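Each residue of the sequence shown is one higher than the one before, starting from 13 at the first, in my numbering.
Every residue, glycine too, gets a C-beta built ideally from N, C-alpha and C.
Bear in mind the structure is a predicted one, so any value in this text is a computation, not a measurement.
Read through the structure below, which is laid out as structure tokens, and then see the notes.
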Amino acid sequence: MKLLVIEDELRLAEYLHKGLSEEGFVVDAVHDGVDGLHMAMEGDYDLLVLDGMLPGIDGLGLLAALRQSKQTPVLMLTARRSVEDRVRGLESGADDYLVKPFAFSELVARIRVLLRRASAPADAERVTVLRLADLEVDLLRHRATRAGQRLDLTPKEFNLLVLLLRRQGSVLSRTVIAEQVWDMHFDSQTNIIDVAVRRLRGKLDAPFDSKLLHAVRGMGYVLELRSP
Ligand code: CA
């Protein structure tokens with residue numbers, strides 16, 4: 013993780029450079045707003061630690077310029093305590109701020125929170141797309157495709173497919189399906205499941221050569237790729 017510290021108080025900048033490096037970050041430090049903006053725009057930083065009062069361009073001005081083209085997380089340092097200044101800082105695009113003097117451990121904790129938040133979308137993407145053969149289900153976009161072709165599913169059919177896909181290769185009984193998808197606990201209602209599965213199959217498998225959804229006699233249903 014690469015950080016840029018923009019701070020004109022040399023001793024503080026040096027202290028942050030040393031401390032953050034010891035915490036395992038790769039750290040560059042600059043001492044005025046003009047250099048800071050240039051490096052923030054050109055460099056590939058994961059986060060900026062930005063002082064509010066700087067020669068050249070001040071923190072808010074730098075932030076406003078940066079935000080026109082980059083969404084690098086910014087933690088602002090400020091000597092000002094007023095609520096108004098804090099609001100201005102956050103409105104102009106800072107992700108968090110810390111009032112001087114601050115404890116170094118708090119700075120590190122907040123940096124880690126911001127970095128985690130910034131990397132969260134990529135993590136979520138990994139677990140929210142489920143796949144089997146050419147079937148792909150995007151849980152965030154609520155979208156299912158086979159071989160790139162969109163499947164037009166009802167919400168229940170979508171949930172049924174997600175359940176089968178999450179547990180692909182395992183036979184799911186009608187009772188389990190009824191509980192998980194319909195929140196029903198009556199065996200007498202289970203022909204709803206058969207009807208829904210038949211409809212889902214019509215959309216999921218009928219137009220394609222390889223079949224994914226299979227009935228297992230006396231047991232239930234399973235989603236898996238079987239060799240023809
Ligand atoms: Ca300053």
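Identify every run of the alpha helix (DSSP H) within the region 36 to 85, keeping only runs that are complete inside it and at least 4 residues long; order them along the chain. 45 to 54 and 71 to 79
Same chain only: Cβ atoms within 7 Å of Asp-108, ignoring 5 sequence neighbours per side: Working through the sequence shown from its first residue, we reach residue 108 at position 96. Only Leu-87, Arg-122 and Leu-126 meet the Cβ criterion.
Own chain, CB closer than 7 Å to Ala-25, minus 5 neighbours either side, in chain order: Numbered from 1 along the sequence shown, position 13 holds the residue referred to as residue 25. Hits under 7 Å: Val-17, Glu-19, Ala-41 and His-43.
Helix, strand or coil at Thr-157 according to DSSP, with G and I counted as helix: Looking up residue 157 in the sequence shown gives position 145. It is a strand residue.
Residues passing the C-beta test against ligand 1 heavy atoms, cut-off 5 Å: Asp-20, Asp-63 and Met-65
Alpha carbon to alpha carbon, how far is Asp-70 from Arg-124? Within the sequence shown, residue 70 is the residue found at index 58, counting from 1. Within the sequence shown, residue 124 is the residue found at index 112, counting from 1. It is roughly 25 Å from the alpha-carbon of Asp-70 to the alpha-carbon of Arg-124.
Do you know how far the Cα of Ala-130 is from the Cα of Arg-186? By 1-based counting over the sequence shown, the position of residue 186 is 174. By 1-based counting over the sequence shown, the position of residue 130 is 118. If I take the Cα positions, the gap works out to 41 Å.
Tell me the residue span of the alpha helix (DSSP H) that contains Asp-206. Taking the sequence shown and counting its residues from 1, one reaches residue 206 at position 194. Its alpha helix (DSSP H) spans residues 203 to 216.
How would you write the range of the beta strand (DSSP E) that Glu-34 sits in, first residue to last? Numbered from its first residue, the sequence shown carries residue 34 at position 22. Where Glu-34 is concerned, there is no enclosing beta strand (DSSP E), although the alpha helix (DSSP H) it sits in stretches over 22 to 34.
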